[in-house]
Structures are given as structure tokens and as C-alpha cells.
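Peer 1:
There are 2 protein chains.
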Amino acid sequence: MTGLLTDLYELTMAAAYFDAGRSAEIGAFELSIRRLPRHRDHVIVAGLQQALEYLLELRFTAPEIDYLRDLAQFARVTPAFFDYLRNFRFTGDVFAVPEGTTIFAGEPMLTVRAPIIEAQIPETYLLSTMTFQSLIATKASLMVRAAAGRPVIEFGTRRAHTPEAGVLAARAAYIAGCAGTSNTLAGFRFGIPVFGTSAHSWVMSYPTERDAFQQLQQILGPNTVQLVDTYDSLEGTRLAATLGLPLWGIRLDSGDLAALSKQARVILDAAGLRETKIMATSDLDEARIAQLIAAGAPIDVFGVGTELATSADAPAMGAVYKLVEIQGRPTAKWSEGKASLPGPKQLFRLPDRDILALVHEVPPPGAEALLQPVILKGQLVEGPRDVDITRRRAAQPAQQRPLEYSDALTALIKQTHPK
Amino acid sequence: MTGLLTDLYELTMAAAYFDAGRSAEIGAFELSIRRLPRHRDHVIVAGLQQALEYLLELRFTAPEIDYLRDLAQFARVTPAFFDYLRNFRFTGDVFAVPEGTTIFAGEPMLTVRAPIIEAQIPETYLLSTMTFQSLIATKASLMVRAAAGRPVIEFGTRRAHTPEAGVLAARAAYIAGCAGTSNTLAGFRFGIPVFGTSAHSWVMSYPTERDAFQQLQQILGPNTVQLVDTYDSLEGTRLAATLGLPLWGIRLDSGDLAALSKQARVILDAAGLRETKIMATSDLDEARIAQLIAAGAPIDVFGVGTELATSADAPAMGAVYKLVEIQGRPTAKWSEGKASLPGPKQLFRLPDRDILALVHEVPPPGAEALLQPVILKGQLVEGPRDVDITRRRAAQPAQQRPLEYSDALTALIKQTHPK
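So the protein sequences, as listed, match chains A and B.
If you're matching positions, the first sequence starts at 2 in my numbering and goes up one per residue.
If you're matching positions, the second sequence starts at 2 in my numbering and goes up one per residue.
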């Protein structure tokens with residue numbers, strides 16, 4: 002992981018700390034949700050695994066260091082700084098809310114406590130990684146909820162903001178309850194179940210739809226899903242029904258999905274194909290899924306793409322990474338509408354509320370401390386963090402709840418505020 | 002580049018073509034804009050360079066092939082298919098609209114003509130790569146236009162959908178006229194100018210704002226940009242003005258930017274710092290930039306993040322990749338609301354209109370053929386494609402224009418339609 006994948010100012014700040022002789026000072030930064038994404042009442046945390054891999058593998062190569070050295074912004078920087086970068090390793094501590102946890106506005110999801118330069122440089126990467134996957138997991142949770150127990154499969158890589166974002170969107174969607182993904186690399190890399198149907202081009206590549214359907218059945222057997230809408234959805238369904246088994250299902254990808262699915266079900270049932278599933282796709286989101294279910298559409302599986310892989314109605318999250326302590330001194334920012342709270346914190350979860358407290362406070366009885374150590378002194382804390390485990394956590398979403406500040410935090414805010 | 006970074010059905014289709022003995026058949030696919038992104042009247046093409054790198058480097062490793070072999074979907078596939086994957090290389094032809102070109106709804110940006118499996122597998126990656134960068138370039142073009150000659154700098158990596166998406170967003174934004182980026186890796190990799198200011202944490206890490214500002218000047222010298230809003234924007238500006246030169250500029254990052262920039266300008270001018278720039282950031286988009294300029298805000302440089310790096314008001318584009326010909330036979334799709342046009346095409350640009358024609362038609366007099374060869378027989382066609390060249394192309398956006406079909410295309414559509 003290259004250390005250059007960050008904003009330039011993180012690196013000029015690093016140089017400035019170094020030149021000021023402050024590189025051994027210990028700073029604590031908190032990554033927290035300043036504002037919920039629009040249209041959302043919660044956030045499901047995801048992306049931690051990639052954040053940890055980044056911190057553990059963060060390095061600067063010689064050509065990268067040479068590039069920095071030649072920038073005007075580094076003209077006055079002491080050469081010793083570039084030696085420092087050559088030997089750069091993250092040696093600090095990281096505390097994080099486990100992936101799959103539901104959190105709310107004003108709550109932290111990650112704390113980095115490290116020599117100040119090591120904590121500063123990762124800001125950009127950590128924000129991007131954690132908020133992107135959290136956005137997708139949150140969106141997926143809404144779709145899974147709307148589908149009321151029917152499987153939802155993530156199909157969005159072609160709309161994701163780069164193919165690699167598609168891989169991580171698949172991961173986040175699975176954590177939040179999707180049944181799987183079409184992204185093959187996500188299956189290979191994370192062990193997520195992979196699904197696929199058929200291509201319009203496959204149908205179009207044969208002189209007749211019948212030839213295309215028959216050939217597909219021969220190769221995919223009981224995994225066959227016929228894509229029936231290349232020319233006419235109901236004609237395609239009748240053809241699939243005529244050809245009979247093996248046939249896992251048909252897929253509708255255009256038109257009035259409620260009406261078509263009802264007609265398709267009748268056609269399939271009349272042919273004795275009562276076990277054959279109907280999958281529907283085509284610009285679905287949680288509202289469309291809920292409408293289809295309310296309309297009695299006999300859709301067995303939903304495939305979702307664009308809306309999920311881009312979190313299209315809320316493609317960004319107002320998360321921030323703010324210094325809360327330097328050398329034991331609490332710090333805060335008082336910018337208009339963009340203030341931050343001083344001091345390293347712990348987030349306690351109780352059945353009816355969350356409490357934001359200072360890090361060394363005694364937990365209230367029965368409270369769960371959500372920020373747990375994940376890296377200590379630059380070493381990964383081994384823990385249960387694979388996607389299936391975080392998935393189980395996401396399956397128990399926290400209800401909306403008030404966020405209270407502990408007395409000690411309230412006192413510190415008053416004490417730190419300049420006015 | 003791993004061949005697994007695609008939807009599973011692309012690979013099951015590949016296996017099906019192979020098993021059907023059709024792997025030598027030549028297919029042509031077109032990547033085109035079915036619908037413009039919402040709120041957009043044009044698209045600026047970007048992402049081609051990454052698409053070409055992918056096609057040229059596409060491979061399957063042994064562990065990846067083993068993973069596929071073990072999937073239920075491949076249970077009936079002949080073992081020879083996995084040998085085929087082991088030796089997979091893209092050997093086809095690619096024609097593309099140059100990066101930086103403005104195109105419109107219904108227009109193609111890329112054609113792949115290759116043995117059908119080689120053209121099928123890349124669908125997912127090509128769509129994601131081309132549409133993401135094109136979305137960002139298009140959004141950037143709106144912001145640059147709104148800024149009416151004042152520089153716009155891309156600051157959005159922390160909001161991008163993965164850090165790598167931030168690198169490519171920086172590239173696309175630069176192609177469309179942004180002056181540079183904060184993303185250091187984009188600077189290193191693409192030679193894009195990099196910019197940075199200062200961190201709130203830097204200011205907070207010092208007991209006083211004065212200490213922080215002084216230390217920064219000492220290290221950054223004439224590149225110093227003081228971030229003045231950590232505690233109070235005008236107090237911060239007064240402090241920066243008192244400290245005097247060297248000072249490239251100040252940055253406002255919260256509050257009423259129009260009012261604050263006017264007051265800041267007065268403060269700086271009164272201190273004799275008439276050359277010191279005012280940079281503004283904080284949830285800017287093209288509408289906000291236009292408002293600030295209309296309000297007479299003396300802002301010299303705009304920094305844009307979230308709205309640009311996510312194309313927040315239009316985070317997806319309805320682009321499709323459709324088979325238009327197989328073994329010389331034109332193909333089309335007639336799905337309700339999702340039809341495609343048959344035959345490999347050329348897009349001719351004339352001063353007053355675009356013409357979509359069949360690929361071998363004679364160009365109308367004075368027409369520019371926008372689809373140009375970029376890969377032939379699996380080999381890159383050397384050409385002028387670096388970001389500075391594509392940037393010059395984007396600086397001459399095409400005006401809105403009607404899209405006409407050539408007579409030959411119109412005839413082919415009628416001939417191909419089943420009804």
C-alpha cells in the first residue's frame with residue numbers, strides 16, 4: 002500500500018511535524034459520523050478489514066519519495082524527513098467498532114492513537130475506505146429489510162465507482178445481509194457466494210432464442226437461469242417453460258415487473274414448473290422492492306445493481322477524522338457548523354441508549370464498549386473479523402436511540418471551549 | 002489484471018460459448034450511453050487509458066482458475082475450458098472515442114470486436130471504468146464552467162468510493178479542466194499538479210493558533226496556505242495577516258463563504274497582502290460556485306470534494322455494452338425501454354449534428370469519425386493519449402446537437418426488428 006494514496010497536505014503536515022521536532026508526540030484521532038447520510042437513520046459499519054490491511058502495509062518506495070522531494074511544497078523540508086519516510090511503519094494503536102455494527106450520528110467508528118505523523122497520513126485513506134463500505138452496507142440493509150426474507154443479490158459492479166469498488170461493494174452488501182454477489186473476485190477473495198444468470202448477448206448470438214436457451218441448459222444444467230426479456234418477456238418465459246427442466250429460474254429484466262412476474266408464474270406453474278424461481282432486476286431499490294412485494298409480485302429473488310453499488314440516493318457520508326488529543330492535551334475544533342468534541346472517547350451501548358464517554362471511564366452496568374482494540378503497537382489484534390461473522394452482527398441492527406454524553410465528557414467540552 | 006474482476010455470468014457465458022464450439026466466432030460489442038446521467042446534457046468521455054490497460058493485461062492465475070472449477074456453475078464445463086483460461090489473452094480490436102470528447106445520449110464511446118469470449122468477459126470492467134471516469138469528468142466540466150476562469154482543484158479522495166477511485170476521479174477531473182488535485186498518487190502516477198493546504202489537526206496540535214501558523218510558514222515558505230477556520234475564520238485571517246509574508250493564501254472551510262471572503266479580503270488588503278489568495282472549500286458544487294461568483298465573493302481558488310469525487314447528484318450513468326454483430330450477422334435487443342441498435346457503427350461529428358452510421362459507410366464531407374482504433378489484434382495502437390492531451394480536447398466541448406441515423410442504419414434497424 003503506497004503512502005502516496007493520500008491528500009498532499011497530510012504529507013506536508015507530516016514534514017512540518019518532523020521539521021518541528023514533534024514526530025514522537027502522540028496524537029489521537031477519531032473517525033466519526035458528523036452527519037448521517039441523507040435519507041438514512043443509521044449506518045452499518047463496514048470496511049474495517051481493508052483499513053487495517055492498509056495501516057499494516059503502509060510504505061513509501063524510493064521512486065515515491067523522490068517524487069515528493071521534487072515537489073515545490075517540500076523544497077524547504079530537511080532531507081532527514083525523506084529517510085524517515087523510507088523507514089515508515091505504522092506503530093500505533095487502533096480501536097474500532099466491529100464491522101456489521103449499527104451506529105448513529107455523532108458516534109465514532111474508529112480511533113487511531115499513534116505518533117502524530119503516523120496518525121495524520123492515513124486520514125484520507127481511512128475515511129474513504131470506511132465510509133464507502135459503510136454507505137453500501139447501510140443501503141444494502143434497507144434493501145434486505147424491504148425484501149422481507151426473500152434473497153437480495155448484489156449485481157452492481159458495472160455501476161460501481163471503479164471495478165475495485167465493485168468488489169468492496171459486494172463485500173459490504175454481503176455483510177449487511179445480501180445473499181451474495183455477481184462479482185466473481187469478491188467470491189474468490191472473501192468467500193462470498195456468487196451468482197449469475199445469462200447474457201442478452203448470449204441470446205442474441207443465436208439465430209433463435211430457442212437455440213440459445215437449449216444450449217444454456219445443456220451446459221449449466223440445474224443452475225440454468227434463462228434471461229427472458231431479450232425480445233419479449235412472456236414469449237421468452239413460454240419458451241423456457243416449454244423446454245422444461247433443468248431450470249433453476251427465469252429472470253425478468255425490463256418492463257412492468259409486477260405484472261410480468263404474475264403472468265410468468267402462471268405460465269411456469271401451468272407447465273408444472275412450480276419450483277422454478279422468478280428473479281427480477283432492473284433499477285431496483287428498497288422502495289421498488291417494497292412496492293413489488295405489496296403488489297403481490299411472485300418474485301423469489303431480487304437482483305440489485307446501480308442503486309446499491311453506488312448508494313445512489315446518498316452517495317456520500319459526512320464522516321470526519323479529527324484530532325482529539327495531543328500529548329495528553331484534549332483538542333477540539335469550533336468551526337461554524339463543523340465542531341468536534343475533545344478527548345479520546347469510548348462509545349457505550351445500553352439497551353435503550355448510547356453513551357459517549359471519555360476513554361478511561363468505568364462502563365455503566367450492562368454496557369457494551371463498542372470501540373475495541375484491533376491494532377496495538379502496530380500489531381494486528383487477532384479477532385473474529387471475517388465477513389460471515391460481521392454478517393451475523395449486522396443481522397441484529399440496533400434500534401434508534403438517544404446519544405448521551407457522560408458527565409466527564411460534558412465537563413471536558415466546557416473546559417476546552419474557548420468562549 | 003485478474004479476469005475474475007467481472008460478473009460471474011460473463012464467465013459462465015464464456016464457458017458456454019467454449020462448450021458450444023463457438024470460441025472462434027467474432028462478435029462486436031458497443032459500449033454506449035443509453036440515457037444521460039440525471040441533471041446532465043452531455044458526457045465527457047474519460048477512463049479509456051485504464052480500459053486499455055485492463056484489456057492488454059487481462060489474465061487468469063492458477064488459483065483463480067481452481068476457484069472457478071470448484072463452483073457449482075462450472076460443474077458440467079469441459080476441462081479444456083480451464084486450459085483456455087490459462088492461456089487467455091485479448092487478441093481483438095478496440096475502437097474508441099478519444100478521452101476528453103463530449104458525447105450525448107444514444108452515442109457509442111467504445112467498440113470491441115474480438116472472438117466472442119474475449120469480448121464478453123470484459124463487459125463489467127469496461128462499463129465500470131469508462132462510466133465512472135466519464136461521470137467525474139462530466140461533473141468537473143460543470144464546476145470548471147461555473148468557476149468562469151478561476152481555478153478549481155479536486156479535493157475529494159476522502160469521499161470517493163474507495164481510495165483508488167479517488168486517484169481516478171482526480172485524473173478525470175483534471176482531464177475536464179480542474180487545475181489539479183490533492184491526491185498525491187494521482188500526481189505521481191499521471192503527472193497531474195498537486196495542491197494542499199493545512200490541517201485542522203495541525204492548528205489544534207499547538208497550544209495557540211499563532212504557534213501553528215508561524216511554524217507552518219517556516220516550513221512551507223511561499224507555499225503556505227493557512228487554514229483559518231479552526232476556531233474563528235476572521236480571527237484566523239487577522240492572525241495570518243499580522244504574521245504577513247511568506248503566505249500564498251488563506252483557506253476558508255466553513256460558514257458563510259461569500260461574507261467571510263469579502264471580510265477576509267479587506268483584512269488581507271489592509272495588511273498590504275494584496276497578492277495573497279483566498280481559497281474556499283466546504284461542500285461546493287457548480288451551483289454554489291456560481292452563487293458565490295454572482296455574489297461578488299473575492300474567492301481566487303475553489304476546492305471541491307464530495308460533490309465532484311462522487312458526482313453526488315448523478316452518481317451513475319445508464320451506459321450499456323451490447324452485442325451488435327456476431328459472425329457478420331447484425332444483432333439487436335428489443336426489450337421494453339431497453340432496446341439496442343444493430344450493427345457495428347461509426348459516430349460522425351459535423352459542426353451542427355452527429356450522425357450514427359454503419360462502420361464502413363463513407364464519411365459525410367467534413368465529418369470527424371469519433372471512433373478511432375486504439376487496439377488492433379491485441380496490440381496497442383500508439384497514439385497521443387496522456388492526460389494533458391485529452392485535457393486540451395475537453396477544453397473544446399461540443400455543443401448540444403441532434404443525433405441522426407444514416408440511411409443505411411435506419412434500413413438495418415427495420416430489417417432486424419422482428420415485428
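Glycine included, C-beta positions come from ideal geometry on N, C-alpha and C.
Everything numeric in this text was worked out from a predicted model, so none of it was measured.
(1) Give me the chain B residues within the contact set of LEU371(A), using Cβ-Cβ distance strictly less than 8 Å, ordered along the chain.
(2) For ALA412(B) and GLY48(A), what's the separation of their Cα atoms in angstroms?
(3) Please check if any C-beta of chain A sits within less than 8 Å of the C-beta of THR307(B).
(4) Do you know whose CA, among VAL168(B), SER24(B) and ALA16(B), lies nearest ARG77(B)'s CA?
(5) Enumerate in chain order the residues of its own chain whose CB-to-CB distance from ARG350(B) is below 6 Å, with the five nearest sequence positions on each side excluded.
(6) Just checking my contact of GLU287(B) with LEU143(B) at CB under 8 Å: how many whole Å lie between their CB atoms?
(7) Does chain A have any CB closer than 8 Å to the CB of TYR85(B)?
(8) Starting from TYR406(B), trace the beta strand (DSSP E) both ways and give me its first and last residue.
(9) Please list, in chain order, the residues of the region 190-216 of chain B that have any C-beta partner in chain A closer than 9 Å.
(10) For the region 156-169 of chain A, enumerate the residues whose C-beta is nearer than 8 Å to any C-beta of chain B, in chain order.
(11) From what residue to what residue does the alpha helix (DSSP H) around GLU65(B) run?
(12) Determine whether the Cβ of ALA115(B) lies closer than 8 Å to any Cβ atom of chain A.
(13) If you count every other CB in all the chains shown that lies within 10 Å of the CB of LEU245(A), and 16 or more means buried, which is it?
(14) Between the region 58-75 of chain B and the region 166-181 of chain B, can you find at least three pairs of beta-carbon atoms closer than 8 Å?
(15) Which value, in whole angstroms, describes the spacing of the CA atoms of ARG190(B) and PRO403(A)?
(16) Rounded to whole angstroms, what's the CA-CA distance from LEU1(A) to THR277(A)? Just pull it up for me.
(17) For chain A, is any of its Cβ atoms less than 8 Å away from the one on ASN184(B)?
(18) On a CA-only basis, which of LEU324(A), ALA52(A) and PRO116(A) is nearest PRO99(A)? Give me that one, please.
(19) Excluding the 5 residues flanking THR282(B) on each side, which residues of the same chain have their C-beta closer than 6 Å to its C-beta?
(20) Measure the C-alpha to C-alpha separation of ALA333(A) and GLU326(A) and round it to an integer number of angstroms.
(21) Along the beta strand (DSSP E) that carries VAL302(B), what are the first and last residues, could you check?
(22) Can you tell me which of TRP249(B), ARG151(B), THR231(B) and GLN401(B) puts its alpha carbon nearest to the alpha carbon of LYS339(A)?
(23) Applying the 10 Å Cβ sphere with the 16-neighbour rule, what's the burial state of ALA242(B)?
(24) Give a yes or no on whether 8 Å exceeds the smallest Cβ distance from ARG41(A) to chain B.
(25) Give the interface partners of ALA421(A) over in chain B, defined as CB-CB distance under 7 Å, in chain order.
(26) Beta-carbon of THR139(A) versus every beta-carbon of chain B: anything under 8 Å?
(27) Compute the Euclidean distance between the alpha carbons of THR307(A) and PHE133(B), then round it to the nearest angstrom.
(28) Could you have a look at SER262(B) and say whether DSSP puts it in helix, strand or coil?
(29) According to DSSP, what are the bridge partners of TYR1(A)?
(30) Determine the DSSP secondary structure at GLY192(A), reduced to helix, strand or coil.
(31) Quick check on DSSP: helix, strand or coil for GLN373(B)?
(32) When you compare only the Cα positions, how much space is there between SER129(B) and ARG23(A)?
(33) List the residues of chain A whose Cβ lies closer than 8 Å to the Cβ of GLY437(B), in chain order.
(34) Distance, Cα to Cα, MET318(A) vs PHE61(A)?
(35) Could you name the residues of the same chain whose beta carbon sits closer than 7 Å to that of PRO109(B), not counting the 5 residues immediately before and after it, in chain order?
(36) Within its chain, find whatever has a CB closer than 6 Å to the CB of ARG266(A); leave out the 5 residues flanking it on each side and keep chain order.
Peer 2: Well, looking at it:
(1) Neighbours of LEU371(A) on chain B: none; closest Cβ ~23 Å, over 8 Å.
(2) Going by the C-alpha atoms only, they are around 52 Å apart.
(3) yes
(4) In terms of CA proximity to ARG77(B), ALA16(B) leads the group VAL168(B), SER24(B) and ALA16(B).
(5) Excluding five sequence positions before and after ARG350(B), the CB atoms of its chain that fall closer than 6 Å to its own CB belong to GLU369 and LEU371, given in chain order.
(6) 4 Å
(7) no
(8) From DSSP, the beta strand (DSSP E) with TYR406(B) extends over 404-406.
(9) Hits within the stretch, in order: ARG190, VAL195, PHE196, GLY197, THR198, SER199, ALA200, HIS201, SER202, TRP203, VAL204, MET205, SER206, TYR207, PRO208 and GLN216.
(10) Residues passing the 8 Å Cβ filter: PHE156, THR158, ARG159, ARG160, ALA161, HIS162, THR163, PRO164, GLU165, ALA166, GLY167, VAL168 and LEU169.
(11) 63-71
(12) no
(13) With the sequence shown as reference, residue 245(A) is identified as Gly, and Leu is not the correct amino acid for it. Per the 10 Å Cβ criterion, exposed.
(14) no
(15) 46 Å
(16) With chain A running from 2 to 420 in the structure shown, residue 1(A) is simply not present.
(17) ASN184(B) counts as touching chain A.
(18) ALA52(A)
(19) ASP254 and GLY304
(20) 8 Å
(21) 302-305
(22) In terms of Cα proximity to LYS339(A), the closest of TRP249(B), ARG151(B), THR231(B) and GLN401(B) is THR231(B).
(23) buried
(24) no
(25) The structure shown does not extend to residue 421(A), since chain A is modelled only from 2 to 420, so the question has no answer here.
(26) no
(27) So the two alpha carbons sit approximately 12 Å from each other.
(28) Of the three classes helix, strand and coil, the one that applies to SER262(B) here is helix, per DSSP.
(29) Nothing can be reported for residue 1(A): it is not among the residues displayed for chain A, which extend from 2 to 420.
(30) coil
(31) strand
(32) Each residue's CA atom was taken as its position, placing SER129(B) and ARG23(A) some 43 Å apart.
(33) Look at the range of chain B in this structure, 2 to 420, and you will see that residue 437(B) is not part of it.
(34) A straight line joining the alpha-carbon of MET318(A) with that of PHE61(A) spans about 29 Å.
(35) GLU31, LEU32, SER33, LYS346, LEU348 and LEU372
(36) PRO299
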